[in-house]
Every structure is written in structure tokens, then in C-alpha cells.
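From first to last, the protein sequence lines stand for chains A and B. If you count the first sequence from 1, you need to add 359 to reach the numbering used here. If you count the second sequence from 1, you need to add 22 to reach the numbering used here. Each residue gets a CB set at the ideal place from its N, CA and C atoms; glycine is no exception.
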Amino acid sequence: MEEKSQKITGETNSETYKRRGFLKKIIGILTAFGTLVLGIPFIGSIVTTGKERKNKKLIRIANLDQLPLNQPQKINFSDLVTDAFIEGFETRNVWVIKHSPSSVTVFSPICPHLGCSYDWQPQENSFVCPCHSSVFNLDGKVTEGPSPRSLDSLPQKIVDNILFIEWERFEVGATEKKAI
Amino acid sequence: MTRTSKLRNWIDERFPLKSTIKFIIDEDIPGQSSYFYALGSATLFVFSLQILSGVWQLFYYVPTTDHAYSSVSYLRTSVPFGWLIHGIHYWGAQAMIVLVGLHLIRVFIWGAYKHPRELVWLAGVLLLILTAVMSFTGVLLPWDEVGYFAAKVGTNIASTIPGIGTWIKNFMLGGTEIGQLTLSRFFILHIAIVPFILFTFIIIHLMAFRQFGSIGPWKKAKRAITTPFWPDQVAKDIIIAILILLILFAFSAYIRAPFSGPADPLDTSYHPKPEWNFLFLYQALKAFKGNWEPVGTILFPMLLVLFMLSVPFMDKYKETNPIKRPVVLILGIVFVGGIIFLTIEGKGKVPETGTVSPVQNKIVITENAPANIKQGHDLFISNNCVICHSINGSGGKIGPDLSHETARGMSSSKIEEQIKNPKKSNPNSVMPPFASLPTDQLEAISAYLLNVDKGSSRIAGNNNSSSQFSDAQNNTANGNSAGNKQSNINIHSTIGPAASYIGDPRHGEILYRQQCEGCHGVNGAGKVPNPGSASGFIPALSPIQGKYFSQTVNVFVNNIDTIIQHGSVPAGSAPSLKMLAFGDAGTLSQQQIAQIESYILDLNSVDRAKILNPGIKPELVVWITISLFIILSIVMLLYRNYSRKRT
Chain A
360 MEEKSQKITG ETNSETYKRR GFLKKIIGIL TAFGTLVLGI PFIGSIVTTG KERKNKKLIR
420 IANLDQLPLN QPQKINFSDL VTDAFIEGFE TRNVWVIKHS PSSVTVFSPI CPHLGCSYDW
480 QPQENSFVCP CHSSVFNLDG KVTEGPSPRS LDSLPQKIVD NILFIEWERF EVGATEKKAI
Chain B
23 MTRTSKLRNW IDERFPLKST IKFIIDEDIP GQSSYFYALG SATLFVFSLQ ILSGVWQLFY
83 YVPTTDHAYS SVSYLRTSVP FGWLIHGIHY WGAQAMIVLV GLHLIRVFIW GAYKHPRELV
143 WLAGVLLLIL TAVMSFTGVL LPWDEVGYFA AKVGTNIAST IPGIGTWIKN FMLGGTEIGQ
203 LTLSRFFILH IAIVPFILFT FIIIHLMAFR QFGSIGPWKK AKRAITTPFW PDQVAKDIII
263 AILILLILFA FSAYIRAPFS GPADPLDTSY HPKPEWNFLF LYQALKAFKG NWEPVGTILF
323 PMLLVLFMLS VPFMDKYKET NPIKRPVVLI LGIVFVGGII FLTIEGKGKV PETGTVSPVQ
383 NKIVITENAP ANIKQGHDLF ISNNCVICHS INGSGGKIGP DLSHETARGM SSSKIEEQIK
443 NPKKSNPNSV MPPFASLPTD QLEAISAYLL NVDKGSSRIA GNNNSSSQFS DAQNNTANGN
503 SAGNKQSNIN IHSTIGPAAS YIGDPRHGEI LYRQQCEGCH GVNGAGKVPN PGSASGFIPA
563 LSPIQGKYFS QTVNVFVNNI DTIIQHGSVP AGSAPSLKML AFGDAGTLSQ QQIAQIESYI
623 LDLNSVDRAK ILNPGIKPEL VVWITISLFI ILSIVMLLYR NYSRKRT
């Protein structure tokens, strides 16, 4: 710098000092203001998503006439799933037990213990989970192993002999069945 | 010693903290701090906002051609404050260009590029070019109509470089066509490579600037008075920054960036229009045709850049007062004025997307035509033939153009047979049979059609749409079976991809005029007769029947989407017209259907692009922010007056 610094004319040293103190306060307050008005929406956009309510819909599973009595059947179905902005079909399955021509039980295929897929063992007449050997009877009750609760039944509806269900997931590891 | 200064000392022993801070904030500004000097820091502020909002968008955006558009739409409508984050990025991009331009002009007038500040200027010019590159690469990322065609035109411009042009174009595209690889390239350029280079040159620009500081006013006396950068200039910078932030908030809430609909490469109804910041190049291009084209596409922009780069080397005198360097100043005015002139000129010449003349179903017949031809003409209109068939460009586009029946080798018997039994010549025809027409009327219609070529008909009104569907019967082969598909069991299985795209109502209106207006009436008003149907008329779309309407955007779209995709047959004994399966038959692309759906929603006062999850309502965010700012300002002013009085 070739020119020498000079005080602003008409201002004493202490006035200049005070004015600069005020300017520093302005800078601090406006920085805080900017951070606040940007911070709330930007943080808000990533912490409050995922709360969308999925509208429940009935999914066609099977014609009851084609199911055997008292024999658990694993039935695959495909479900249109919306995951944020991507829509696609996902293949899922449920266990269906027909008790009579008009009464069935539908179990979620997810073990309530830690979320593995269990299987039906006809020779033991039980559902057995391969991960931690939880065993459930035909009614879904725990007979052995660590599972904290019975198998989760799913909402169902029978119209003209056609079985419809609503797909739901439940928290695993809890004693109470609680939808996620 | 306070705790903070202890910490500062601890760091300073291990890192040059004090000297770094001193380097950043310790500068005497000749001629005092000024709001003029805030332009550079304002640009830096907006650039930081671009980085922040850009990174934030990556929480949601995916750079794939099948999901880019939906991911941006999702961010903008379904993510809380997504509208604001996208809005800040969109309007911030425009602000960047304006601020960089103003900053450059300011520096030019003050002569701040002169020795020893040449490098500051050169880095600055490079930053301007990099900003333009960011603008060009960013526009493609939403994979919408605007971006797709901007990239198409931009890369075609690159291909005009003699010799290596095609190679450069293919390199930019990652192939010979715009596609996934193009999107990936533009994406990585926009979010990683160019920002990195930008950032590097910002550092060079700032460090070179700090070396010699601001050049100050051209009057020596004024220059002698100085104020420190911290806090005097910083306070002014931050006030400007906050004002810009408030403006960006207001723009994001009140002037939302348009949705132009998902990219549709085959759509001829879309007229590409350059972004405003490239309009001057677009206009300059027009002056050079044929072999001279590379002059406009390559040489002209290169000369502009060369001129800017050479400024500090042409103008070497120490004098900075603009009045005393008239030649440079006039050159600068011509340069900036020329760009502004070309931009305004270009703006006026751009084909507006919304003003394509409507298809008018008016076929006028000459006064002196024979009576039977006149009767045939009237029957052609009254029997709704004109809804599907066009004569000399006027009329519907669903069936073949009937302007040249004689030239096609049709005879009156063939035409009459076709009218009575369309399926005889083409089993897939969707044309309803008009078997009940009396022979004399059939003869009149065929006489009329065979005479079109001979000049008895002419077009009324202006019409520039060409017949794209000369063989529409094949296109709509599925129309019959699809008409019955529509049922209420599982609506999800029957909606098409179009239902999930947000279209542009103005573009939809153009397509509506070409494809739908013939049956559903001007602006969806209906009133077009449909003999044999229960109501006797084709349903109006504005207002639409209650069973389709919903205030919930997705429900409304899904309701009409199934009909547009698969068609429908109206109730009634023998409806002569039915809704064609535009989606199943491929008559319209899914992107086009999305545009039309947005238009139909718009006719019924439902915004297809409605923000479903705003976080806080956009207008409310703006008013809360502005009120808070005003309250803070008042409190600070009161505090200053109070502390003044005390002394």
C-alpha cells in the first residue's frame, strides 16, 4: 500500500472504536440470522422425511378352493411398491392356513424374533425358524426357542372365495405386535 | 488469558492460524468500504449457497434417465422444504450469472485489472466461463424437456468445430446420442470436476487479490482515506448477502421454477428455447449460415473470451479514471451493450412454446362449388368425420388425412365402402361403421372428398401442424380391446408411467389442441355430439365429470390416466365415437400424456405440481424470514441510538 492509513475525518478514535464494535455485532447477528433461516429448512428436509402414510390396499392372494385344509401354504404374490420416487413390483410371500372353506389364518413370513424367514416342517407339524430355532405351532404360538411373541397374523378379507390380505410389517424382537 | 485465546494460542503453535486470519481480514480499503465492493463477496456467497443447496439436492437426486425427473419432482413436491432447496439452487444459478457480470463490469470501470492485478482479472474471466459451464451442465440434470433440448443444441454447436467437432460432440455425449452416459458425464462435471476447478480458481482469484488489495477510487485524495476490511467492509458484505438470501427465498416461494415435463426425444411439439444467459450466442449464431456457421458457433464466442482476456494487456496505462480512458470504456460499452442487445433481440425471436396456433376445425368450401359437393362437405362436418380426419391440415389427427383421395387412387365406390364398413379394408380399424347413412349422403361425401384436390376446399385460419399420424389406424390397433379394460378392481395395475410425471400445462395445451380438442371441445368445453351414446355428447373436460375429479392430485391424475392409457366406451346403445387408447396404442408417448394430464388438471383448477409436503408453507417461510429480519434491524438501530445517547 503506497498511501498511508488515515482516520476517517470527523470521527474521534473512540467513536471509530465504538462504531466498529457495533459493526461486529451486526456481523454476528446477521450471520446467526442466516444460519438459522437456512439451517431450519435444510436440516428439516432430511430429518422429517419418511413419514408418509401408505394407503392400505387389499392384495389378491389365492382362490380358497385351491388350498388344502389345515396345511400351511407359502404363497407368493407381487405387490406394487412405491419407494420414494421409484415405483416397482416386489415379490413377497405369506403363510396361509385354511381351517374351513370360509376361515383362514394368514401369517407374515417374518419371524418375530429377529426377522428371519421361517419354514413349515410337516414332520414336526411346526413352523421352525432356521436362525435361532424358534418353533411355532399351527396356531402360531411359540412352543420352543427365543421368540418373544407368536407369529404375526395379517389382516385379511374373503370375497367370493378369493382371499385378499393387507401387507404389513411389525417390529421384531418386541413382546407386543406393533406395526411399523 | 481467556479460554478462547488459550485455545487460539494452542492451535497457533501448531498451525498458522493468526497469520491466516490476518491474511484474510487484515486489509486497508483505499477510499473506504463500499457497497460497490460487495459484488465480489456476494458472488462468493451465492456460490457457497449453490454448493450447499447442490449437495443437499444429492440427498434425493439420482442421475439416471429413468428416475432423474421423478427424483427432482419428488424433492420439489414431497420433501419438506425441498421447494426451497431446489428454488435456492435454481434462482441462485441465475443470480450467479448476474452477479459475476456486474462484478466484472464494476472492476472494468474502476480499471482494477491493471498492473499488478492482471492475474486477478484473468482468474476472474475464467471463473465467468466456468460459471457458464456450470449453467450448461446443470440444466440437463433434471432430464426434462428444457434440459434435454439445451444439451442437444449445445452439443450440436460443439460439433460445428471444423475437423474435430464430431469427435468433441461424441465425447461430450458419451456416444452419438444423448442418453444415460451423457447424463452421467454432465452430472460428474457439474457436481465434481467443474466445482473443483471453480474452487481452485476462486482461491487463486482471492489470494492474488489480497496481494495488492482493492485498487480504490481513481481520485488520489479519496484513495488516501482508508477503512479496514474487518469489520467495515465485512458488515456491508453481509448485509448484501442477507438481502440476496431474502430475495432468493421470495423467488423460490413466489416464482417457482417451471416443470417442463420429462424429456421426450421424439416430441416435435416442443420448441427448444435457450436459457436467457445463452440467448446472445443463440442470436449471434443466426447471422452465420452454411459454411460460415463455425464463425458464429466457435469464432464469435472465442473472440469474446479473447477480448476479455486481453483487456489488462491492451490497457496498460496507470490511469484508472474511466473518463480519461475513453477508448477502453467505449470498447467495454460496445461489448456489454452488444451482449444485452443480442439478448433482447434473441428473446423476441424465440418461438414461444405457448403460442402455437390452434388446430381449427374449420374447413371452408368455395361459394361456387356444386350442390352435392357442398352437401358432402356439410355431412363431413355434421357426422363428425372432421374430428378424426383432416382436410388440408384442418381437422383431427386420429384418422388418415383425406386431402388427397383422388391422388391415392380412391374411387367413389371405395370411399363409400370404407365409410359403411371400415373393417373390411383394415380389420384393426377403430373407425366406427356408418352403415346407416343413406346412399345419396354417401355419394355426396365421396364426391366432396374426391374434389378436395381440385381446390374446392381451402383452409380457414392459420395452421402449421403437419400430419404425423398418416397411418393412425395401425397405431391404434389395440383400441378396441383396451376400451373394456377399465374397471375398478385394482386401479394401480392400469395406470401408466405418465401418471407419475409432472407435466407442463402450457405444453399440454398444445398437445391437447392437436389430439383431443376435436372431440372434447375447445379448452375442454365439450358440446361435441356423439350420436348413439347415452348422453348424446362427448364428455366435457372442463369441468370434468365428478367421478374423475379430486382435489388430491394423485387421485385425479390416476383417474384420468387409466382412460387416456386404455380408452373407454361411452354408455349407450351404439355410440358412434369412443375414447381411443392413446397410451396402449402408442399414439401419444407417456411424456406427452403427462403433459396433457397436467393441462386437464389445470383446466379444473388443480395444480399438477402442487407442493404436497412443504414443511412450512412457502409464503409463510418468506414472511417469517422477512419479519424476523426487519425486527432484528429495528432492534439493532434502537440499540445503536441508545448507546449513542449514553455517551
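### Task
Round the Cβ separation of A/Ile434 and A/Ile418 to the nearest angstrom and send it over; I've been treating them as touching at under 8 Å.
Actually they are not in contact, since the Cβ atoms of A/Ile434 and A/Ile418 sit about 11 Å apart, beyond 8 Å.
### Query
How far does the alpha helix (DSSP H) with B/Thr42 in it reach, from first residue to last?
39 to 47
### Query
How long is the line joining the alpha carbons of B/Val101 and A/Ile402, rounded to whole angstroms?
12 Å
### Message
I need the straight-line Cα distance from B/Leu203 to B/Thr99, nearest angstrom please.
### Response
Near 27 Å, if we compare the C-alpha coordinates of B/Thr99 and B/Leu203.
### Task
Using the DSSP secondary-structure output, state which residues sit across from A/Arg419 in a beta bridge.
A/Phe523
### Query
Taking C-alpha atoms, which residue in B/Lys191, B/Phe231, B/Asn299 lies nearest to B/Ala145?
B/Phe231
### Query
Going by DSSP, what residues sit across from B/Thr177 in a beta bridge?
Partner(s): none; B/Thr177 has no beta bridge.
### Query
At a Cβ cut of 8 Å, what residues of the region 88 to 117 of chain B count as close to chain A, listed as they run along the chain?
Taking 8 Å as the Cβ-Cβ cut-off against chain A, the residues of the region 88 to 117 of chain B that qualify are His89, Ser92, Ser93, Ser95, Tyr96, Ser100, Val101, Pro102, Phe103, Gly104, Leu106, Ile107.
#### Entry: Three or more C-beta pairs below 8 Å linking the region 563 to 575 of chain B and the region 587 to 601 of chain B
no
### Query
CB-CB under 7 Å to A/Lys536, same chain, minus the five flanking residues each way: which ones, in chain order?
Arg508, Asp511, Phe529
### Message
For a contact defined as C-beta to C-beta under 9 Å, what are the partners of B/Asp254 on chain A?
### Response
Within chain A, the residues near B/Asp254 are Arg378, Arg379, Leu382.
### Query
Is the CB-CB distance between B/Met194 and B/Met156 below 9 Å?
no
### Task
Would you kindly work out how many angstroms separate the C-alpha atoms of B/Ile210 and B/Gly169, rounded to a whole number?
16 Å
### Task
List the DSSP bridge partners of A/Gly387.
According to DSSP, which records beta bridges pairwise, A/Gly387 is partnered with nothing at all.
### DSSP bridge partner residues for B/Pro52 (one or two, in chain order)
DSSP output for B/Pro52 lists B/Thr248 as bridge partner(s).
### Task
Look up B/Glu427 in the DSSP assignment and say whether it is helix, strand or coil.
coil
### Chain-ordered neighbours of A/Thr394 on chain B, where CB pairs are closer than 7 Å
Within 7 Å Cβ-Cβ: nothing; A/Thr394 doesn't reach chain B, min ~11 Å.
### Cβ pair count under 8 Å reaching 3, the region 273 to 287 of chain B against the region 109 to 127 of chain B
Yes, since at least three Cβ pairs between the region 273 to 287 of chain B and the region 109 to 127 of chain B fall closer than 8 Å, the two stretches touch.
### Message
Distance check for A/Ile385 and B/Met658, CA to CA, integer angstroms please.
### Response
7 Å
### Task
Return the chain-ordered list of same chain residues with a C-beta closer than 8 Å to the C-beta of B/Lys258, the five sequence neighbours on each side being excluded.
Only Ser55, Ser56, Tyr57, Tyr59, Ala60 meet the Cβ criterion.
### Neighbour list for B/Arg668 in chain A, Cβ cutoff strictly below 8 Å
Ordered by position in chain A, no residue passes the 8 Å Cβ test against B/Arg668, which lies about 10 Å from the chain.
#### Entry: Beta-bridge pairing of B/Pro670 - partner residues as DSSP gives them
Here chain B covers residues 23 to 669 and nothing more, so residue 670 of chain B does not appear.
### Task
Find the nearest neighbour of B/Leu106 within the set B/Leu74, B/Leu205, B/Glu315, judged by alpha-carbon distance.
For the residues B/Leu74, B/Leu205, B/Glu315, the minimum Cα distance to B/Leu106 belongs to B/Leu74.
### Query
Relative to the C-alpha of B/Ser291, which residue among B/Ile653, B/Ser655, B/Ile366, B/Leu610 is closest?
B/Leu610
### Message
List, in chain order, every chain A residue whose beta-carbon is nearer than 7 Å to that of B/Ser522.
### Response
Glu446
### Message
Quick test of your reading: A/Ser506 and A/Cys475, contact by CB under 8 Å. State the CB separation rounded to the nearest angstrom.
### Response
With a contact defined as Cβ atoms closer than 8 Å, A/Ser506 and A/Cys475 miss out at about 10 Å.
#### Entry: Where the beta strand (DSSP E) containing A/Glu449 begins and where it ends
445 to 459
#### Entry: Exposure label - B/Thr574; buried when at least 16 CB within 10 Å
exposed
### Message
On the criterion of 16 or more Cβ atoms from any shown chain inside 10 Å, does B/Leu205 qualify as buried, or is it exposed?
### Response
buried
### Task
Would you verify that the beta carbon of A/Phe401 is, or is not, closer than 9 Å to some beta carbon of chain B?
Look at A/Phe401: its C-beta is under 9 Å from a C-beta on chain B.
### Message
Between the alpha carbons of B/Leu331 and B/Lys667, how many angstroms are there, rounded?
### Response
53 Å
### Query
On the premise that B/Leu126 lies in contact with B/Leu150, defined as a C-beta separation below 8 Å, what is that separation, rounded to the nearest angstrom?
6 Å
### Query
With a Cβ-Cβ cutoff of 9 Å, do B/Ala306 and B/Phe322 count as a contact?
Contact: yes.
### Message
Against chain B, does A/Ile524 count as a neighbour if the rule is that its beta carbon must be under 9 Å from one of theirs?
### Response
no
### Query
Is A/Ser437 closer than 9 Å to A/Phe444 when the C-beta atoms are compared?
No; because the gap between Cβ atoms is not below 9 Å, this pair is not in contact.
### Task
Mind reading off the beta-carbon distance from B/Glu167 to B/Asp286? Whole number of angstroms is fine, and I expect it under 8 Å.
7 Å
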